[in-house]
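For the sequence shown, position 31 matches number 44 in the working numbering, and the numbering has no gaps at all.
Where is the CB? At the ideal position from N, CA and C, for every residue including glycine.
This one's a predicted model, so the numbers in the text were calculated from it and none came from an experiment.
To start, the structure itself, in structure tokens.
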Amino acid sequence: MRFSIVFFFLLSAVMPSFGQIIEGQDTLYGNEWINYDQQYFKMLVAEDGMYKVTGQELQNAGVPISTI
């Protein structure tokens with residue numbers, strides 16, 4: 014039991030270091046796709062799954078679809 018607790022603690026302490034990708038001399042964090050000069054919209058959903066969002070729904074939510 015004690016070994017399990019220590020093992021879990023050590024594993025929990027080490028796992029965050031695997032959130033980075035080492036590629037050559039670069040360290041990638043997974044957010045390289047973000048272009049800070051663009052505007053992004055977040056859509057909250059109730060459950061995991063695939064959703065269809067129409068242009069009309071985006072427009073009703075205030076997204077300027079003419080500039081997309």
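- Judged by DSSP in its simplified three-state form, Thr67 adopts coil rather than helix or strand.
- In this structure, the CA atom of Met63 is about 12 Å from the CA atom of Leu57.
- Taken atom to atom, the span from the alpha-carbon of Asp39 to that of Glu45 is near 12 Å.
- Following the DSSP letters along the chain, one finds Asp39 inside the beta strand (DSSP E) bounded by residues 39-41.
- Excluding residues up to 5 positions away in sequence, Ile78 lie with their Cβ nearer than 8 Å to the Cβ of Gly68 in the same chain.
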